[in-house]
Structure formats: C-alpha cells, structure tokens
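Residue numbers (our numbering): 707 to 1257.
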C-alpha cells in the first residue's frame, strides 16, 4: 500500500475580515476592511494572529500540490472558538475538499470548544490611527472603544463541535466508533468528572473517535481536553465551575478519565490483531517534548507554562503500556520528536508561527517515512506591517527589528524573539535572573559557569563572545525549544557561536543560573536530526536524519 497523511497543528485561524464591531465604531477602519489583532497582543503569543489565514492557506496549497488527500489536524483549528473564526477555518478546509478531494480528520484543542458552558472572550483590535478598541462577549458597551458582541465567545461542545472533520460518522468511512460504541450522537458520548472534594459531579462530552479512512489504516483521534469541576457552589458564571483544560493534558486525563485509557488499549490491541496501521493524535503531547529540561526549569523559575505542560514519565508510561506507538500532538507550537519506551511523540509546530510547516507521513508496505515540510518564500503583508508601525508609533512598543523584516521567514523568527522577551523572560524569569542576564555578555556567562582557572574556550572565541549580550542565549533557548532543527537551519556564522556554547558540558550538580542555562540550551541544541524518520511496520525507528522536503 502507499498512502500519505499530512499532519498540521494549531492553524488558529483569525478571520481578518470578520464582523466583530457589531455595527459600532464605523470610523477609523483599516484598509480593505481588515480587522487586525494588536501587535502588543501578538508579541505575547507564540502565534501570529493576523497572518494565520495566509499561512494555513499556504500549507493546504502545498499539501494539495503534492497530491495528498488526507489531512490530520491536531486541534486549535480556530483562533479562540469564535463563530467568525470557526466558520472561516471550516470554509477554507471545505474549499480544499471541494477542489482537491482532501478529507480532514481533527481533534479539538483548548481554543476550539469549552466544556459544557462555552466561555465569553475579550479581544483588542487595531484602528487606523494606531489605537485600539476592545470587543467583549461579557460586558455591555462602556465608552467609545468597547464593543459588546455576544458572538465574541467560544462555544460549548454541544453546540460548537463541527459536523465535519471526522467528529461524526461520514460517508466513505470504512469503520467509525467512539469510546462509548458506534453511536455518533453527542448524548451517547459523555463522561463524568468529580471536583477534588467529590461534591460536584459534572458531565462532559468526549469528542474522541476512531476512523478507518482507507483500508488497513486506523486514525485514533483522542480528545484530551480535561475539565475538572471546582469545589464550592457560588460561581458567577457557568464557565467558572471547572478548571480550564489548557495546562491539564494527559497528566489529568490518566487520572480523571481512565475509561479512555481502557479504550485506547482495546483499540491498540485490535489494531495489532487485525493488522491495522494505528496512527494516534491529540492536542496535547504524550511524552516530554522539552528534552528533559523540566527539573532545571522548575528549579530556576518555578511552575512555568513549560513545566505545567510537560507530561510526567508515569503518564507516558501508562500511554505506552496501553499500546500507543506513534502519536502526534500540537498545543505547544513546537517542532520536536521525543520517545518513552516504545511510544514516539511527534510535536507538530503551529502553522501560525515559527518554525511553521507541517509533517508528512507516507505509508508503504515496508513501513513509513515521516518528513518535515517547511513553507518558505511567503511575503509579509505590507498593509498589516503598516498598521503595526502606526501602533508602535502611537504606543512606543519596543519590537526590535521585527518590522524591518523583508520576508515572512525572518518575520516569524523575529516574532518569536520578541515573544521570548515580552512574555517568557518578562513574566516567567525571576527578577534576579533577569537582572543578571541583562548585565552579562556570553563570555561573562561562561566565566560564571566554569571555574576561572579553567578557560572554557579559546581566547579568540572568548573575545567574540565578549561582544555578544547574554540575552542572545535567553532568546536562543526559546528558539531551539520551539524548533529542534534550528541548529541545522540557522546561518553558519550563528551556528559557530552556539555550537561552541553547547559543547561546554555542564554536569547536573552545577546549579547556578549560568550553568543551568547552558545545560538547558545544550539539551535542546544537541538533539538528533529528526527531520526525516523511517519506521518499520511496527513504528520502530530504523533511520533518521535530513531528507526533508522544502516547499
């Protein structure tokens, strides 16, 4: 057999031509009626809101050009579950179904649907003069720059789960089931979770399904959103009755939804018995995708988003024992491959940010090939850049050289550098760590990490590092964390410096700030090349390396 499946993650499509103003604020419109999210919000997020549709379309165009007819979406197909966003995302995918016969199979992310209640949102949009207005789904109109729009909300599962993307049985499916049987009716697909004190028991819909799209291949879509009811009774809003699923993932799933582990094990067992090729996917990672930096990060900075979202070893062991072998994930907007025992997790990057692209899985009689596809050559939108410049002029927001980018490749990586500064560094690093890094060069950092009597590098390299701020290492940690292939994709001049840094071995007992940062960086930077992986029929890796496609 020969069959290919493209795997994409987190398109987060924001409809730049959506109707968000609800008839208010008719003046100060941007060119072509665009409704753009603010740059100040964008540099706090690893996704590029206003460029998301362009990127999603470019990925689908490349997939169609290659003749691929099956696309797996590992969640967050919408910006935040708003009707405008969901409708635009579904319309785009429908267009590729109509024109090229592509079938889409998705799971839900934490931004697509929200528990049994849905939730109201507030988002800021740009005006032509560089100021902004806010659209709220929860507050009535107050002032000239606040618009109440009840459509600014993420829907609940019951009314927000699309009748497409595989969530319900479709004509042509050779087999389709859920953890609860063959019915695709939502009332037949529910489970209960109790609050920590056991007093509040709530029912939630499970959007998981198993489908056989072509003979011999099973796609296991795991809905790994976990909403845990809170203790107490006095809640102002229904959406406050349970915890957000964003940081829960599989760590919470194995605790609160054991029936799903039983079903996964049953599916894996049947797949083996029937000779099916089982491909599993969920929004959340099944194996630590951060290269074992959990303990160092937790010790330095506490419970960061990376610490909170790392699957525990015990969690991965449970999933491996259940029979999962190949698992695709999104959520974290990173590109990496990690393994626990026989379980391989492929973290697929968001199409809406750096490094972008998608994964291409090609099945054949002897096994399968998994390749990285990057989309290069996209141009930046001059109208969007002009709107950003007006915002920066008005607000004084410091975004470095971001707006000097001449192409989207440079824009995307520069955006991540700004996210590192404005979000991770500013909000998750301690004041002491920020101040220390801010006054050091890379040479200073090396001298602090290594005994002064042991020169860490040759004199000429130390001189060069003495002219580079240590902030570059901070940025590099987050860049290589998001793109495990950065070492092999970066310019040679830059590679020389960072290879010198990664070559300095920092033992686990070296726990100062400088030593820990160098050790964390090396763990990310010294990864094997996973841009091309060859599997046997049992999903065992038999070869890896380069050989990626470049669009």
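All residues carry an ideal CB built from backbone N, CA and C; glycine is no exception.
| Asked | Found |
| --- | --- |
| Who does residue 898 pair with in a DSSP beta bridge? | 909 |
| Apply the 10 Å Cβ neighbour rule to residue 707 and answer buried if 16 or more other Cβ atoms are within range, or exposed otherwise. | exposed |
| According to the neighbour-count rule (16 or more other Cβ atoms, all chains shown, within 10 Å of its Cβ), is residue 1217 buried or exposed? | exposed |
| Under a Cβ-count criterion, where at least 16 other Cβ atoms within 10 Å of its own Cβ denotes burial, should residue 1254 be classed as buried or exposed? | Caution applies to residue 1254, whose pLDDT of 42 falls short of 50 and renders its modelled position unreliable; the model cannot decide the point. |
| Select from 800, 1175 and 915 the residue whose C-alpha is nearest the C-alpha of residue 1267. | Nothing can be reported for residue 1267, as the shown portion of the chain is limited to 707 through 1257. |
| Check whether the Cβ of residue 1060 lies closer than 8 Å to any heavy atom of the ligand PLP, and answer yes or no. | Ligands in the displayed structure: none, and consequently the ligand PLP is not present. |
| Beta-carbon within less than 7 Å of residue 1234's beta-carbon, same chain only, minus the 5 sequence neighbours each way: which residues are those? | 1250 |
| In angstroms with no decimal places, state the Cα-to-Cα distance between residue 1194 and residue 1219. | 27 Å |
| Pull up the CB-CB distance for residue 1009 and residue 1036, whole angstroms please, since I reckon it's below 8 Å. | Incorrect: roughly 22 Å between the Cβ atoms, too far for contact. |
| Would you list, in sequence order, the uninterrupted beta strand (DSSP E) runs of no fewer than 3 residues that lie entirely inside the stretch 818-887? | 828-832, 838-842, 852-854 and 881-883 |
| Tell me the DSSP secondary structure of residue 718 in three-state form. | coil |
| When the Cα of residue 769 is compared with those of 896, 1121, 808 and 1162, which residue comes out closest? | 808 |
| From residue 760 to residue 1120, what distance separates their C-alpha atoms? | 18 Å |
| Would residue 1226 pass as a contact of residue 1002 if the rule is Cβ separation under 9 Å? | yes |
| With burial defined as no fewer than 16 other Cβ atoms inside 10 Å of the residue's Cβ, what is the status of residue 1256: buried or exposed? | Below a pLDDT of 50, predicted positions are generally treated as unreliable, and residue 1256, at 38, falls in that range; the measurement from the model is reported next regardless. Exposed. |
| Taking the beta strand (DSSP E) that residue 1251 belongs to, which residues open and close that run? | 1247-1251 |
| DSSP state of residue 1051, grouped into three classes? | strand |
| May I ask you to list the residues that DSSP assigns as paired with residue 927? | 915 and 987 |
| Beta carbon of residue 966, beta carbon of residue 928: below 9 Å? | yes |
| Taking the beta carbon of residue 846 as the centre, do at least 16 other beta carbons fall within 10 Å, making it buried, or is it exposed? | exposed |
| Are residue 1011 and residue 953 close, meaning C-beta to C-beta below 9 Å? | yes |
| What did DSSP end up calling residue 1042 once you bin it into helix, strand or coil? | strand |
| Give the single residue among 1085, 1223 and 1066 whose Cα lies nearest to the Cα of residue 1180. | 1223 |
| Which same chain residues, not among the five before or five after residue 728, have their C-beta less than 6 Å away from its C-beta? | 853 and 855 |
| Pop quiz: residue 816 and residue 951 are said to be a contact at Cβ under 8 Å. What is the actual Cβ separation, rounded to whole angstroms? | 5 Å |
| Between the stretch 814-833 and the stretch 957-974, can you find at least three pairs of beta-carbon atoms closer than 8 Å? | no |
| Inspect the CB distances between the stretch 744-761 and the stretch 1085-1094 and report whether three or more fall short of 8 Å. | yes |
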